[in-house]
Each structure stands twice: as C-alpha cells, then as structure tokens.
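Read through the structure below, which is laid out as structure tokens, and then see the notes.
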Amino acid sequence: MKITHRIAEFVVSTPTAAIPSDAREQARRAVLDTLGVLLAGSRGDASVKVAALVREQGGAQDAAVIGHDFRAPASEAALVNGTSAHALDFDDVSVTMRGHPSVPLLPAVFALGEKLGSSGSELTDAFILGFEVECKLGSMIGGPHYALGWHPTATFGTLGAAAASARLLGLDVDRTRMTLGIGASLASGARRNFGSMTKPLHAGWAAHNGVTAATLASRGFTADGEALEAPDGWLHAASGGAPIDHSLIERLGDPWEILSPGIDVKLYPCCYFTHLSIDAALEISAEVAQRNAEIEGIRVSVSPGTMMVLRKEPPETGLEGKFSLEYCVAAALVDSDLSLATFEDSAVARPEIRSIMNRIRVIEDGPPASAPLGGSALVQVAFDDGRSTSSRRVDIPRGAPQNPLSWSQLAQKFRDCAKPILEGSRAEAAIRLIENLDDVANVRDLVAAFRTDPVHA
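Following this line, the structure appears as structure tokens:
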C-alpha cells in the first residue's frame, strides 16, 4: 500500500467543509490549552537556554518567539515555542499516538502561519490534518515503537508537523510526499531522556523539523516517495519489524482522531501515567492530611505497563519529580493540590514529602489497560492503629475525553499559566480570539495578543 502517497493525498485534498464542526471545536480547545502551557513554559530553563541559542544565531525575523523579546526564522521560532510548550509536561495527550499531539503541531503552524499571513481557519485545518496523521501513524505502530524506546511526540510529531506545514504552504501531492519523506529522516527522540531538558526539546525539534521538511520540499528538495512504507523505510525501522496494519491508513478522517478517541487534557504538570493515582490520592487527601504522622504505609496499585516510563529512583529535581509516581502521590496527600510550584526543586526536597514517599509501595497488579495510557489506580493508606484505612480507586482521570474539562475550566487553566506573563485583560482578549479562531483573518493578529516582556538568558 502506498502509505506516503495516501497521506499526502489526504493532506492536500481534504476540503475545509469535510472537517466536522466538533473537530474544529476540539482544535480550538487544544490551541487554548497549548498556548497557555507554552506561555508558562517559556519562563523555564529549557526554553530560556534554547531561546538564547536561537537569538545568537540570528536570521530572518519571520515569527515571534513567544515569551521572549525577539523574532526568528519560522523553523527556529517553532523550535523554541515547541520546547516551551512541552517544558512543564502540562500539555495534552493522545492515547493512540502515545504522546503529546499538540506541542509539535501548534508551534509549527503558529510560526509558519505567522510568516505566511495564514487565516485562523487555515491554521485550524492544518492543525486537524496534522493531528490526524500523527495519531493514525501512532495507531499503526505505537505499541512496538514505544517499547523500543522511541518518544512518539518527537517521531510521529515530526511527521504530523510536516503534514500540517505542507498544508499551510499549499503544496501539491508530490511535494507533500517529499515533505513526509524528508520528515521520516528527521524523526527521532529517545525516551531515556525523560526527566531532563531534552524531553521538551523533542517537541521543539519536531515542530522545527516539520517546518523545515515542508519548506525544503516547497523548493524542490527531494526524498523517496515511499519513505514510510518501503521495506527499508521509516515504519519498518521505527517498529522493529513488528506487524503493521496498513489498512488503518485507509481510515484517515474515519473517525477523526481529534474526536475519537479524542484529546486528554492535563490538570497536573507531570507525566500522564501519574494522573490516575494523583486523582485517587487527592480524593482522600483531606482525611489523610490530618493523620500524616500516623501513616503506616501506602499501597498504590496500577495497571501493568504504568511504570515503564516512570522513575524507579527518588527524584532529586522538579523535572525528575514529574516522572516519580511516589512523589506525585505524596505531594497530593500532603498538599491536597498539584500545581506548577509542586515541581520546583525545593518542593521535591521537602522532608515531610520524603517521609511520605518512603512509606509508598507501588505495585503493578491492577487490571490490564483496555487502551494505551488507560487502566486504573487504587491508592490505599493504612494507619498505625492497625485498624483504619483510607482508599480510593479511579478509572478515568479528570480531563480525559470521557471526563472532559469545560471551556471555562480550560480558560481558567490558561489564565493560571499566563498569569506571570499576560495581565488579566490581555489574557481575556487572547481567550476570546482563540474561541473565535475560525474568524481570525490573519494569524498575526493572534500572535500580537501574546507579545510579552523581555526574557534574557
């Protein structure tokens, strides 16, 4: 099956009218959520360091580097903005992609759309089509790909960002095939780097490489036209030769991945594999908080596979804390909340948190997950009187498609993230623009809402 050609046809020929209105609504929700976490992440060390490098290199001033006081070539702006958006691990999740769909896509189309003067409707089209590509590829090889150590946000994200960029540039089928072929040779990222600055860099490079692949293809740069499906192509290499259901590519847009299974939105700025346990711990935190000194032990039962991506060693930094189930559960029980401040280095080092962590035992003995990133979590707290316990089980995390946040809840998350950067009236203006994204005549009008005070490395 000519997978590369089929994807290119889909990206090029799908008209705006064929994209359902509820898919466009989900895209607006994703844009609001992603721009919020991008603003917050732009103040982090990873973003500041990457921004400093891009600033030093100079070049055309095509697009804004959000949260910083300069402009850069579109691909370089996408690099910084993608790194910022993933820096806090507060961005959305796709279960079929097994990664973070919006952080490679939005920085790519935001920067390229600003350079081109694209409309909000064109940006939305490109975002949804890129989302469909990266998630359908995830449904084809996501399991073995992840098990081999790849980071899907970096890999599928590169190909999704490439497809979205090709759409914005108005490339034909042949040049979109070239875009995907170039992207296939740029798609990389190892899970071993989770818990370090390189993890958010994966999202930035995916956005950068997507813009670069499409821009090169627009100038006649070539790649193999079957770079995805060939025996020595990307899908075979990225799956370790595992069986691939090629028929899935015939179901592009049927259903739309942004609708089914949809997008999981994060309420907590940490690895999504911790969220079920966090929800369970928060539900009992009020009753447990009064008896922290009496806790004998805490048992956290999770579905098989949960710990594959999480840290086994106690975290020493806030970044490492995002991937520690023990830390996240302890913080939920002690603080009755998880916020951006929870993952500062000083918060991870608190003696009262360490004391609770030492009493936590994590066991993968829950029921098998029915879907990637699914499953359940049971948190059981036993007290030292030998009789009383407190426990809670959660099967669907808050923010999942089956338990979604309202627009007003998403808007509040945006305000919380934007607070250090955009004052109240500017944040509200940005929310209104995103809510009416299809009516925005030029992406530059949206970018103007995000101009911020200088940040220096």
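For the sequence shown, the working numbering assigns the number 555 to the initial residue and increments by one for each residue that follows.
Using N, Cα and C, we set each Cβ at its ideal position, and we do this for glycine too.
Just so it is clear, the structure is predicted and the values come from calculations on it, not from any experiment.
Check                                                                                                                           : Outcome
Residue from A1002, D646, Q956, P661 whose Cα sits closest to the Cα of R980                                                    : A1002
According to DSSP, residues forming a beta bridge with Q934                                                                     : R853, S945
Segments of 4+ residues assigned as alpha helix (DSSP H) that fall wholly inside the region 589-673                             : 599-611, 628-640, 656-670
Status (buried if at least 16 other CB within 10 Å, exposed otherwise) for K866                                                 : exposed
V997 (DSSP reduced to helix, strand or coil)                                                                                    : helix
R773, enclosing beta strand (DSSP E) - first and last residue                                                                   : Unbroken run through R773: none, as it is neither H nor E.
Beta-carbon proximity of V604 to A626, cut-off 7 Å                                                                              : no
Anticipated Cβ contact below 8 Å, D740 with A761, distance rounded                                                              : The sequence shown places Leu at residue 740, not Asp. Going by Cβ atoms, the distance from L740 to A761 rounds to 11 Å, so no, they are not a contact pair.
Proximity to W759 [Cα-Cα], best of W810, P661, D728, A834                                                                       : P661
Contacts around S693, its chain only, beta-carbon distance under 7 Å, and the 5 residues preceding and following it disregarded : T650, L802
Spatial neighbours of A1011 in its chain, beta-carbon cut-off 6 Å, leaving aside the 5 residues before and after                : Below a pLDDT of 50, predicted positions are generally treated as unreliable, and A1011, at 43, falls in that range; no measurement from the model is reported.
V916, enclosing beta strand (DSSP E) - first and last residue                                                                   : 914-918
Sufficient close CB pairs (3 or more, under 8 Å) joining the region 844-859 to the region 954-968                               : no
Contact between the region 637-657 and the region 677-695 (3+ Cβ pairs under 8 Å)                                               : yes
Closest by C-alpha distance to R582, when choosing among F1004, L991, R1005                                                     : L991
Check whether V997 and L830 have beta carbons under 7 Å apart                                                                   : no
Reference G764, options L806, A843, T588, A680, closest by Cα                                                                   : A680
Same chain, Cβ closer than 6 Å to G749, neighbours up to 5 away in sequence not counted                                         : L873, E874, F877
Spatial neighbours of V566 in its chain, beta-carbon cut-off 8 Å, leaving aside the 5 residues before and after                 : A720, R721, L725, D726, V727, T730
Three-state secondary structure (DSSP) of A744                                                                                  : strand
Reduced DSSP secondary structure (H/G/I, E/B, other) of D778                                                                    : coil
Inter-stretch contact at 8 Å, needing at least 3 Cβ pairs: the region 854-865 / the region 928-935                              : yes
Inter-residue spacing [alpha-carbon to alpha-carbon] between Y700 and P655                                                      : 15 Å
DSSP three-state assignment for W517, whether helix, strand or coil                                                             : The shown model of the chain, from 555 to 1011, leaves out residue 517, and the question about it has no answer.
Rounded straight-line distance, which links the Cα of F644 to that of A594                                                      : 9 Å
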